[in-house]
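Asks: Take the sequence shown: its letter number 259 is residue 269 in this note's numbering, and every next letter is one higher.
In this text, a Cβ means the ideal position worked out from N, Cα and C, and glycines have one as well.
Model, not experiment: these values are computed from the prediction.
Would you mind keeping the following structure in view while I ask a few things?
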Amino acid sequence: MSILIRDVRYLTKDGAKKGNIYIEENLISEFKANEADVVINGKDKLAIPGLVNLHTHSPMTLFRGYGDDMELHEWLEEKIWPLEKKLTKKLVYWGSKLAIAEMLLNGITTFNDMYFFMDGVAEAVEESGIRGFLGYGMIDLFDKEKREKEIKETRSFVKRAKRYERVVPTMTPHAIYTCSKELLEWARDFAREKGLLIHIHLSETRKEVYDFLKKGKRPVEYLDSFDFLDDDVIAAHVGWVTMNEMKILSKRGVSVAHCPVSNAKLASGVAPVPEMLKLGVNVGLGTDGAASNNSLDLFQEMKFCALIHKVYRWDPTLVNAREVFEMATVKGAKALRLNAGEIAEGKLADIVLLDEKSVGFQPLYDPISNLVYSKPRVSDVIVDGRLVVRDGKILTFDVGETLREVEKVTGEMVHR
């Protein structure tokens, strides 16, 4: 299968160019071809690399708007955890389907997910054509019996994930305050044995850090004390870290998933991203779940990321548009060890077309400035060489059916 995007403006690491993009199978092949199985008119379009959502919980679209304006731990204990006890694979499937629809229509081609009933997420991923890095969220609450169950379920999901072409399994211990050292050590060893990435929440709130300081170490130092941190680790949030901790993250090659909108909504804090970038930490962008965001929109995340660090430091030069764009594309891809995030020969064909003639996108002095600080309209999305969104409509599944089912199952869940 080949696709030709003809006469399109496209972004590269060297700036914007104009021409044709030829896709053969799942790779960007060249920029000179004139024919293909599918031809897309790229006139008045801007082609960008597919966006990478480096941290989310896709089924939590089911909880969008259910509990707002609350502190994180209060929100979890009073709203989210009680409702999560009612979850089933069916609920997770439809919640993920809704999340995937939202992500695709916002130009997200890959997402890194942690939750429960992950076969439901995997089935939604497979049907939609998006790419999902999925892990079963391990929580043992320092209980040996529960730890053994979490290990068993994780082993099982990693094995089952092989049946899904669009899914990459990951190791996902939830956090240091919900996982015992024994579970974290097992996850670390199993990830190395199987060549899997690790995805974990880390230093999200001041409370998490202060509670852990009572045990004598800061969170990053604690994980580093038993060789947990490595270049296969993606740490979400990382809002409350010292300079020494950031140096450890940089030295170990840990990637950070920065979630500025969720962190601001929950008043969890502002991560020291400018310092991390200076130290060479690979920082990508995540939306977190729709329960705490309440959107799955990386364009919104890019803009807010750039703005919050400027105003927080009273410095308009910090975290500029290009840096933020790289966080949402090539840096997210790097964290996932994915050959993507750029429009270049030999890269995976994850491409998003934006409508240059939308009213909020003109005049077009600087394409990167517009897509970060304005609101672009996504017209077409290609994932792994497959056209999954055309003219703003998803081709791979029925969004109307998804909306109807979500309305039905959420009503049943809340009143059960």
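Could you give the uninterrupted runs of the beta strand (DSSP E) lying entirely in the stretch 34-77, keeping only those of 3 residues or more?
Replies: Listed in chain order, the complete beta strand (DSSP E) runs (minimum 3 residues) inside the stretch 34-77 are 37-40, 48-51, 55-59, 61-66.
Asks: Work out the CA separation of serine 235 and valine 251 for me, nearest whole Å.
Replies: What you label residue 251 is simply residue 241 of the sequence shown in a count that begins at 1. What you label residue 235 is simply residue 225 of the sequence shown in a count that begins at 1. Near 16 Å, if we compare the C-alpha coordinates of serine 235 and valine 251.
Asks: Please decide whether alanine 57 counts as near chain C, where near means a Cβ-Cβ distance under 8 Å.
Replies: Of the protein chains in the structure, only one exists, and it is not chain C.
Asks: Would a C-beta distance cut-off of 8 Å place asparagine 122 and leucine 306 closer than the cut-off?
Replies: Position 112 of the sequence shown, counted from the start, is the residue given in the question as residue 122. Position 296 of the sequence shown, counted from the start, is the residue given in the question as residue 306. Their beta carbons are not under 8 Å apart, which means asparagine 122 does not touch leucine 306 by this criterion.
Asks: Quick check on arginine 323: does DSSP put it in helix, strand or coil?
Replies: One-based indexing of the sequence shown puts residue 323 at position 313. Residue state, collapsed to three classes: helix.
Asks: Just the Cα atoms here: how many angstroms apart are leucine 86 and serine 106?
Replies: Stepping through the sequence shown from its first residue, residue 86 is reached at position 76. Stepping through the sequence shown from its first residue, residue 106 is reached at position 96. The alpha-carbon atoms of leucine 86 and serine 106 are separated by roughly 20 Å.
Asks: Less than 7 Å between C-beta atoms, sequence neighbours within five positions excluded: which residues of the same chain meet that for threonine 420?
Replies: Along the sequence shown, read from residue 1 onward, the residue named residue 420 stands at position 410. Within the same chain, threonine 420 has close Cβ partners Leu72.
Asks: Would threonine 164 be called buried (16 or more neighbouring beta carbons within 10 Å of its own) or exposed?
Replies: Locating residue 164 in the sequence shown gives position 154, where the first residue counts as 1. Threonine 164 comes out buried.
Asks: Counting C-beta neighbours from all protein chains within 10 Å, is the total for tyrosine 375 16 or more, i.e. buried, or is it exposed?
Replies: The residue labelled residue 375 in the question sits at position 365 within the sequence shown. Counting Cβ neighbours within 10 Å, tyrosine 375 comes out exposed, since fewer than 16 surround it.
Asks: Could you check the C-alpha separation between glycine 226 and glutamate 218 for me, to the nearest Å?
Replies: Here residue 226 corresponds to residue number 216 of the sequence shown, with the count starting at 1. Here residue 218 corresponds to residue number 208 of the sequence shown, with the count starting at 1. Rounded to the nearest angstrom, the two C-alpha atoms are 13 Å apart.
Asks: Does the beta-carbon of tyrosine 441 have 16 or more other beta-carbons within 10 angstroms, so that it is buried, or is it exposed?
Replies: No answer is possible for residue 441: the residues shown for the chain start at 11 and end at 426.
Asks: Looking only at its own chain, which residues have a Cβ that is under 7 Å from the Cβ of glutamine 372, when we skip the five neighbours before and after it?
Replies: The residue given as residue 372 occupies position 362 in the sequence shown. Within the same chain, glutamine 372 has no close Cβ partners at all.
Asks: Please state whether the Cβ-Cβ distance between isoleucine 361 and leucine 21 is less than 8 Å.
Replies: In the sequence shown, residue 361 corresponds to position 351, counting from 1. In the sequence shown, residue 21 corresponds to position 11, counting from 1. Cβ distance not < 8 Å, so isoleucine 361 and leucine 21 don't count as in contact.
Asks: Hey, how far is the Cα of isoleucine 149 from the Cα of aspartate 401?
Replies: Position 139 of the sequence shown, counted from the start, is the residue given in the question as residue 149. Position 391 of the sequence shown, counted from the start, is the residue given in the question as residue 401. Spanning the two alpha carbons is a distance of roughly 42 Å.
Asks: If you check the beta carbons only, do valine 264 and valine 334 fall under 8 Å apart?
Replies: One-based indexing of the sequence shown puts residue 264 at position 254. One-based indexing of the sequence shown puts residue 334 at position 324. No. Outside cutoff.
Asks: In angstroms, rounded to a whole number, what distance separates the CA positions of aspartate 24 and glutamate 285?
Replies: As a position in the sequence shown, residue 24 is number 14, starting the count at 1. As a position in the sequence shown, residue 285 is number 275, starting the count at 1. Distance between the alpha carbons of aspartate 24 and glutamate 285: 25 Å.
Asks: Residues bridged to threonine 22 by DSSP?
Replies: What you label residue 22 is simply residue 12 of the sequence shown in a count that begins at 1. In DSSP, threonine 22 forms a bridge with Gly25.
Asks: Using DSSP's beta-bridge definition, name the partner residues of leucine 212.
Replies: Position 202 of the sequence shown, counted from the first residue, corresponds to residue 212. Partner(s): His247.
Asks: Out of Gly356, Asp365, Val388, Asp390, which has the shortest C-alpha to C-alpha gap to glutamate 34?
Replies: Position 24 of the sequence shown holds residue 34. Closest by alpha carbon: Gly356.
Asks: Here's the rule I'm using: 16 or more other beta-carbon atoms within 10 Å means buried, otherwise exposed. How should methionine 11 be labelled?
Replies: Locating residue 11 in the sequence shown gives position 1, counting from the first residue. When all chains shown are included, methionine 11 counts as exposed.
Asks: Verify whether the separation of the beta carbon atoms of arginine 16 and isoleucine 38 is less than 8 Å.
Replies: Numbered from 1 along the sequence shown, position 6 holds the residue referred to as residue 16. Numbered from 1 along the sequence shown, position 28 holds the residue referred to as residue 38. In this structure, isoleucine 38 does not lie closer than 8 Å to arginine 16 by Cβ.
Asks: How big is the Cα-Cα spacing for glycine 205 and lysine 89?
Replies: Here residue 205 corresponds to residue number 195 of the sequence shown, with the count starting at 1. Here residue 89 corresponds to residue number 79 of the sequence shown, with the count starting at 1. Answer to the nearest angstrom: the Cα atoms are 36 Å apart.
Asks: Using a threshold of 8 Å, state whether the C-beta atoms of methionine 70 and alanine 277 are closer than that.
Replies: Counting from 1 along the sequence shown, the entry for residue 70 is found at position 60. Counting from 1 along the sequence shown, the entry for residue 277 is found at position 267. No. Outside cutoff.
Asks: Using the Cβ count rule (16 or more neighbours within 10 Å means buried), how would you classify threonine 327?
Replies: What you label residue 327 is simply residue 317 of the sequence shown in a count that begins at 1. That one is exposed.
Asks: Would you call the CB atoms of leucine 108 and methionine 423 closer than 8 Å?
Replies: Working through the sequence shown from its first residue, we reach residue 108 at position 98. Working through the sequence shown from its first residue, we reach residue 423 at position 413. The answer is no: Cβ separation not under 8 Å.
Asks: Do leucine 114 and isoleucine 404 count as a contact pair if the criterion is CB distance below 8 Å?
Replies: Position 394 of the sequence shown, counting from 1, holds the residue named residue 404. Position 104 of the sequence shown, counting from 1, holds the residue named residue 114. Their beta carbons are under 8 Å apart, which means isoleucine 404 touches leucine 114 by this criterion.
Asks: Using only the alpha-carbon positions, how far apart do arginine 414 and alanine 111 sit?
Replies: Locating residue 414 in the sequence shown gives position 404, where the first residue counts as 1. Locating residue 111 in the sequence shown gives position 101, where the first residue counts as 1. Looking at the two C-alpha atoms, the distance is approximately 13 Å.
Asks: Is the distance from the Cβ of leucine 397 to the Cβ of isoleucine 13 below 8 Å?
Replies: Start at 1 with the first residue of the sequence shown, and residue 397 comes out as number 387. Start at 1 with the first residue of the sequence shown, and residue 13 comes out as number 3. Yes; because the gap between Cβ atoms is below 8 Å, this pair is in contact.
Asks: Could you tell me if methionine 256 is buried or exposed, where buried requires 16 or more neighbouring beta carbons within 10 angstroms of its beta carbon?
Replies: Locating residue 256 in the sequence shown gives position 246, where the first residue counts as 1. Methionine 256 should be labelled buried.
Asks: Taking buried to mean at least 16 other C-beta atoms within 10 Å of its own C-beta, is histidine 247 buried or exposed?
Replies: Stepping through the sequence shown from its first residue, residue 247 is reached at position 237. Label assigned to histidine 247: buried.
Asks: Would you kindly report the start and end of the unbroken beta strand (DSSP E) that includes tyrosine 125?
Replies: Translated into positions along the sequence shown, residue 125 becomes position 115. 118-125 is the extent of the beta strand (DSSP E) around tyrosine 125.
Asks: Name the two residues that bound the continuous beta strand (DSSP E) containing aspartate 408.
Replies: Locating residue 408 in the sequence shown gives position 398, counting from the first residue. Premise fails: aspartate 408 is in no beta strand (DSSP E) and is neither H nor E.
Asks: Go through its chain and collect everything with a Cβ distance to tryptophan 104's Cβ below 6 Å, but skip five positions before and after it.
Replies: By 1-based counting over the sequence shown, the position of residue 104 is 94. So the qualifying residues of the chain are Glu415, Val416, Val419.
Asks: In whole angstroms, what separates the C-alpha of threonine 119 from that of lysine 261?
Replies: The count along the sequence shown starts at 1 and reaches residue 119 at position 109. The count along the sequence shown starts at 1 and reaches residue 261 at position 251. Those two C-alpha atoms are separated by around 29 Å.
Asks: Under the DSSP definition of a beta bridge, which residues are partnered with leucine 14?
Replies: As a working mapping, residue 14 is identified with position 4 in the sequence shown. DSSP, once it has assigned bridges, lists Tyr32, Val49 as partnering leucine 14.
Asks: Grab the span of the beta strand (DSSP E) containing serine 265 for me, first residue to last.
Replies: One-based indexing of the sequence shown puts residue 265 at position 255. Taken as a continuous stretch (DSSP letters only), the beta strand (DSSP E) holding serine 265 covers 265-268.
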